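Take the sequence shown: its position 295, counted from the start at 1, is 294 in numbering that gives the first Met the number 0, and no numbers get skipped.
Scroll down for the structure; my scribbles are underneath it.
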Amino acid sequence: MKPRAAAAGDTALIRAASLRGFVPLVEELGGDPLRLLARFRIPQSVLDDDDGLISITAHDLMLDTAAEELACPDLGLRLAQRQDLGILGPLALAIESSSTVAEALEFATRFMFVHSPALRIGVEADPRAATGVVAVTYRKDLRESPYSPQAMELGLTLLRRICAAMLGGIDGLRSIEVPHAPISPIEHYAEVFGVPTRFHAPVAALRLDRRVLDARFSAADESIREVALAHLSANYTSPHGSTAVRVRGALSDGLGTVSPSLPQVARLLSVHPRTLQRRLAAEGTSFDLVLDDVRRSAAERYLTTTDIPVAQVAAMLGFSEQSALSRAVRRWFGASPRSLRQGESGNLSS
C-alpha cells in the first residue's frame with residue numbers, strides 16, 4: 000500500500016523548520032512542492048515560521064511519497080545537506096554554547112522534545128559491544144507515528160553533519176547504523192557519511208569513539224549557555240513526565256494484548272486506580288479521554304497507512320466487535336473506516 004496523506008489533527012508534532020529546504024529541493028527535482036503540501040494537509044504558510052508545528056506523520060509520509068514519486072531515493076540525505084543546527088531553534092543555542100560534546104548531547108537529550116516530542120537523542124552502550132565505543136542514538140516513538148526511511152535518513156545525516164561542523168570533522172566516527180535496508184546505492188551512503196553504513200541495525204545511531212565525548216568546543220560560552228537553558232526550562236515543559244503521557248504510553252504499548260482498563264493500567268504504573276484517577280483529573284483529563292485519544296490516533300494510523308483488515312484493527316484497538324470501531328471512527332472523523340482509508344474523512348481540516 001502506498002503512503003497516504005495524514006491528518007492535520009495528529010497528536011505527534013514536529014517543528015516546521017524540519018522542512019527547511021524542502022520546497023527548492025522538490026522544485027529542482029521537477030516536482031510540485033505546493034501540491035505535496037496540500038495533499039498531506041500541511042499549510043504552506045507554516046513554512047514561513049520555523050516554530051510552527053505540523054503533524055510528524057504528515058511530514059514523514061510526505062518525504063517518503065516525494066522520494067517515490069520523484070524517483071529520488073536519497074531525498075532525505077539530500078534534504079539534510081540543506082539544513083544545519085539552526086533547525087533546532089532555541090535548543091541550537093544551548094548546544095552551540097556547550098563546553099563539550101558530552102554536554103551538548105546531554106542538552107539534546109533533555110530538550111529534543113522542543114523540536115518534536117516523538118524524537119529522542121541519547122548516548123548508549125555500543126550495540127556492537129566494541130571497547131571504547133558509544134552510540135549516539137536517534138529514535139522515533141513508533142507508538143505515535145509510523146517508521147519513515149526518508150525521515151530517518153534525514154535525521155541521521157543532519158545529526159552527523161551537526162557533529163562534524165561543531166568538531167571540525169569527526170575522526171572518531173566508526174559507522175552509521177540504519178534500521179532499514181539501503182534505499183540508495185551503497186556507494187552514495189559512503190559518500191555522504193564518510194564511514195561504513197550498517198543496515199538492518201537494531202537502532203539508528205552514530206557509533207563514536209568514547210573519547211569524542213570529551214572533545215571541547217572553542218565557541219563554548221557559559222553565560223550564553225545559562226541564558227539558553229533558562230529560556231528552555233521556563234518556556235518548554237517536557238510532555239514525557241505527565242501522568243497522562245505515561246498512561247498514553249502504557250495504553251499504546253498494550254493495545255491488542257491487554258485489556259485497556261483503568262485497573263490494568265494502574266497496575267502497570269504501580270499506582271492505585273483511585274490515585275491514577277486523581278492525578279489525571281489534576282491534569283484536566285481522565286482515563287476514558289486518554290484511551291479515546293490513543294484509540295483515535297492508532298485507528299487513523301492503521302486505516303490510512305496500512306492494509307490491515309478493519310476487523311483486525313478493531314481487535315488491535317481493544318474493541319469487542321468491528322461495529323464498535325465503526326461507530327468510534329464515525330464519531331472521530333465523520334466517516335466510516337472504509338471511507339477514512341480512501342481519504343474521505345469529513346472531520347479533518349484540509
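In this text, a Cβ means the ideal position worked out from N, Cα and C, and glycines have one as well.
Owing to the predicted nature of the structure, the values given are computational and were not obtained by experimental measurement.
Residue i beta carbon near the ligand NAD (any heavy atom closer than 6 Å)
i, result
"Thr284", "Only the bare structure without any ligand can be found here, which leaves the ligand NAD out of the picture."
Residue i versus the options, residue with shortest Cα-Cα distance
i, options, result
"Asn234", "Leu36, Gly88, Pro23", "Gly88"
"Asp140", "Arg14, Ala327, Asp252, Pro195", "Asp252"
"Pro178", "Ala334, Arg19, Val289, Thr136", "Thr136"
"Val25", "His58, Asp47, Leu74, Ala57", "Leu74"
"Pro259", "Thr56, Glu143, Glu95, Gly317", "Gly317"
"Pro72", "Asp220, Ala229, Glu282, Met151", "Met151"
"Arg295", "Ala323, Asp49, Phe112", "Ala323"
"Leu52", "Arg40, Ala189, Asp63", "Arg40"
"Asp125", "Val202, Trp331, Asp287, Glu105", "Val202"
"Ser237", "Arg19, Leu76, Arg119, Val194", "Arg119"
"Phe192", "Leu76, Arg81, Ser241, Glu221", "Leu76"
"Met315", "Asp287, Val293, Val194", "Val293"
Beta-carbon proximity check, residue i vs residue j, cutoff 7 Å
i, j, result
"Thr99", "Arg197", "no"
"Val211", "Gly171", "yes"
"Leu351", "Ala249", "No statement about residue 351 is possible, as the shown extent of the chain runs from 0 to 349 and does not include it."
"Ala11", "Ala107", "no"
"Arg173", "Arg206", "yes"
"Ser97", "Ile55", "no"
"Ala103", "Leu153", "no"
"Ala227", "Leu92", "yes"
"Val264", "Val246", "yes"
"Ala298", "Val328", "yes"
"Arg138", "Gln82", "no"
Rounded straight-line distance, which links the Cα of residue j to that of residue i
i, j, result
"His187", "Ala70", "15 Å"
"Leu231", "Arg14", "15 Å"
"Pro352", "Pro32", "Outside the displayed range of the chain (0 to 349) lies residue 352, so it cannot be described from this structure."
"Glu225", "Thr304", "43 Å"
"Val45", "Gly131", "44 Å"
"Leu35", "Ala204", "30 Å"
"Cys162", "Ile169", "7 Å"
"Gly85", "Arg277", "41 Å"
"Arg273", "Asp208", "49 Å"
"Glu176", "Ala200", "6 Å"
"Gly29", "Asp306", "30 Å"
"Ile185", "Gly333", "46 Å"
"Val309", "Glu190", "44 Å"
"Glu67", "Phe21", "15 Å"
"Glu221", "Asp49", "26 Å"
"Leu157", "Pro262", "43 Å"
Close beta carbons around residue i, own chain, < 7 Å, minus the five adjacent residues each side
i, result
"Leu302", "Val312, Pro336, Leu339, Arg340"
"Ala37", "none"
"Ala243", "Leu279, Glu282, Thr284, Val289"
"Ser17", "His58, Ile86"
"Glu95", "Leu84, Ala218"
"Gln321", "Val309, Ala310, Ala313"
"Ala65", "Val25, Gly30, Leu35, Leu74"
Nonlocal neighbours in the same chain, by C-beta distance under 6 Å from residue i, ignoring five residues either side
i, result
"Pro148", "His179, Ile182"
"Ser285", "Leu279"
"Ser144", "Ala11, Ile55, Thr56, Ala117"
"Ala129", "none"
"Leu90", "Phe110, Val113"
Beta-carbon proximity list for residue i, same chain, < 8 Å, skipping 5 on both sides
i, result
"Ala101", "Val122, Leu212, Asp213"
Contiguous beta strand (DSSP E) assignments of at least 3 residues, all confined to the stretch 104 to 191: Inside the stretch 104 to 191, DSSP marks whole beta strand (DSSP E) runs of 3 or more residues at positions 118 to 124, 132 to 139, 172 to 176, from first to last along the chain.
Going residue by residue through the stretch 249 to 281, where are the continuous beta strand (DSSP E) segments of at least 3 residues, counting only ones entirely within it? Not a single unbroken stretch of the beta strand (DSSP E) spanning 3 or more residues falls wholly within the stretch 249 to 281.
Could you tell me which uninterrupted beta strand (DSSP E) segments, each at least 3 residues in length, are contained entirely in the stretch 45 to 116, listed from first to last along the chain? 52 to 54
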